[in-house]
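Chains as they are written, first to last, in the working numbering: chain A, 3 to 115; chain B, 28 to 139.
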Amino acid sequence: DGGITQSPKYLFRKEGQNVTLSCEQNLNHDAMYWYRQDPGQGLRLIYYSQIVNDFQKGDIAEGYSVSREKKESFPLTVTSAQKNPTAFYLCASTWGHSNQPQHFGDGTRLSIL
Amino acid sequence: SQQGEEDPQALSIQEGENATMNCSYKTSINNLQWYRQNSGRGLVHLILIRSNEREKHSGRLRVTLDTSKKSSSLLITASRAADTASYFCATDAWTGANNLFFGTGTRLTVIP
Chain A
3 DGGITQSPKY LFRKEGQNVT LSCEQNLNHD AMYWYRQDPG QGLRLIYYSQ IVNDFQKGDI
63 AEGYSVSREK KESFPLTVTS AQKNPTAFYL CASTWGHSNQ PQHFGDGTRL SIL
Chain B
28 SQQGEEDPQA LSIQEGENAT MNCSYKTSIN NLQWYRQNSG RGLVHLILIR SNEREKHSGR
88 LRVTLDTSKK SSSLLITASR AADTASYFCA TDAWTGANNL FFGTGTRLTV IP
């Protein structure tokens, strides 16, 4: 079955620690996205990538980093510089052209220990 | 900000009733999309309506778009308890990157 897989489902971070969230898709989509969702809120864009080896900052990129070395994979690192990382993180992918829906993974919930 | 805003923030109805959710946005769009999110899960795409369309149907869903008022509505007919979820509208950004701007959502509760 084609889809997007995010792991882990739950993640805990200690103070000063970097953590990496995984996102893998087998839909052959060109574009991939990372969003942050806080309780009762909408989605805010962290980073996006339209092609391999290229990515762009979204609205709230500070304290986060990404890589796009393979078409299928778009990992997100939450660095120690992100002082309020507790949130629900969602990864999505789509075809690169307009008027296409985004397909979402089931999210990773990150909490601070 | 180009972010859409849904109205109401929360809606509670009896099973079998219709549910209407509204979305307003601020700038010109290429398309508007509606998504559903069950608690603790990812978003699921429901329907996409292009800026040159006024109405679109998919099963029990009906979406309208009024670009002159910069607003859209999602109607769910004959609601079921399984329709309980948060519903988000999302607009594109005309940047060519297919980026979407999401609203804050409407939390729908359907009471059996």
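Glycine residues also receive a C-beta, built at the ideal position from the N, C-alpha and C atoms.
Keep in mind that this is a model prediction, so the values were computed, not measured.
So the candidates are B:A105, B:T136 and B:Y114; which of them puts its Cα closest to the Cα of B:G31?
Start at 1 with the first residue of the second sequence, and residue 31 of chain B comes out as number 4. Considering only alpha carbons, the answer is B:Y114.
Which residue from A:R38, A:S75 and A:T22 puts its Cα closest to that of A:T81?
On the first sequence, position 79 is the one that residue 81 of chain A refers to. Selected option, being the one with the closest Cα: A:T22.
Check the Cβ of B:R77 against every Cβ in chain A and list those closer than 9 angstroms, keeping chain order.
Position 50 of the second sequence, counting from 1, holds the residue named residue 77 of chain B. Within 9 angstroms Cβ-Cβ: N101.
I believe A:L13 touches A:T96 by the beta-carbon criterion, under 8 angstroms. Please report the beta-carbon distance rounded to the nearest angstrom.
Against the first sequence, residue 13 of chain A aligns to sequence position 11. Against the first sequence, residue 96 of chain A aligns to sequence position 94. Incorrect: roughly 25 angstroms between the Cβ atoms, too far for contact.
Which residues bound the beta strand (DSSP E) around B:S113?
The sequence position of residue 113 of chain B within the second sequence is 86, counting from 1. Its beta strand (DSSP E) spans residues A112 to D119.
To which residues of the same chain is B:S78 closer than 7 angstroms at the C-beta, ignoring the five residues directly before and after it?
The residue you call residue 78 of chain B lines up with position 51 of the second sequence. Once the five neighbours on either side are set aside, the close Cβ partners of B:S78 are I56, N57, N58 and T94.
From which residue to which residue does the beta strand (DSSP E) around B:S100 run?
Against the second sequence, residue 100 of chain B aligns to sequence position 73. Run containing B:S100: S98 to I103, per the beta strand (DSSP E) assignment.
Please classify B:N126 as buried or exposed, where buried requires at least 16 other C-beta atoms within 10 Å of its C-beta.
Start at 1 with the first residue of the second sequence, and residue 126 of chain B comes out as number 99. Buried, because 16 or more other Cβ atoms sit within 10 Å of the Cβ of B:N126.
Where A:I114 and B:K96 are concerned, what is the direct C-alpha to C-alpha distance, given to the nearest angstrom?
Counting from one through the first sequence, the residue named residue 114 of chain A turns up at place 112. Counting from one through the second sequence, the residue named residue 96 of chain B turns up at place 69. Distance from the CA of A:I114 to the CA of B:K96, rounded to the nearest whole angstrom, comes to 43 angstroms.
Between B:G130 and chain A, is any beta-carbon pair separated by less than 8 angstroms?
Taking the second sequence and counting its residues from 1, the one referred to as residue 130 of chain B is at position 103. It does; some Cβ of chain A falls within 8 angstroms.
Beta-carbon proximity list for A:P103, same chain, < 8 angstroms, skipping 5 on both sides:
Here residue 103 of chain A refers to the residue found at position 101 of the first sequence. Excluding residues within five positions, the ones whose Cβ falls inside 8 angstroms are T96.
Option in A:L92, A:N101, A:H99 and A:S100 with minimal Cα separation from A:S9:
Your numbering for residue 9 of chain A matches position 7 in the first sequence. The option with the nearest alpha carbon to A:S9 is A:L92.
Is it right to say A:A83 is buried, meaning 16 or more other beta carbons lie within 10 angstroms of its own, or is it exposed?
Working through the first sequence from its first residue, we reach residue 83 of chain A at position 81. That one is exposed.
Contact check, A:I53 vs A:D32 under 8 angstroms by CB: the rounded distance?
As a working mapping, residue 53 of chain A is identified with position 51 in the first sequence. As a working mapping, residue 32 of chain A is identified with position 30 in the first sequence. About 6 angstroms separates the two Cβ atoms, so the contact holds.
Have a look at A:Q58 and A:S100 and give me their C-alpha separation to the nearest angstrom.
Along the first sequence, one-based indexing puts residue 58 of chain A at 56. Along the first sequence, one-based indexing puts residue 100 of chain A at 98. Roughly 17 angstroms separates the two Cα atoms.
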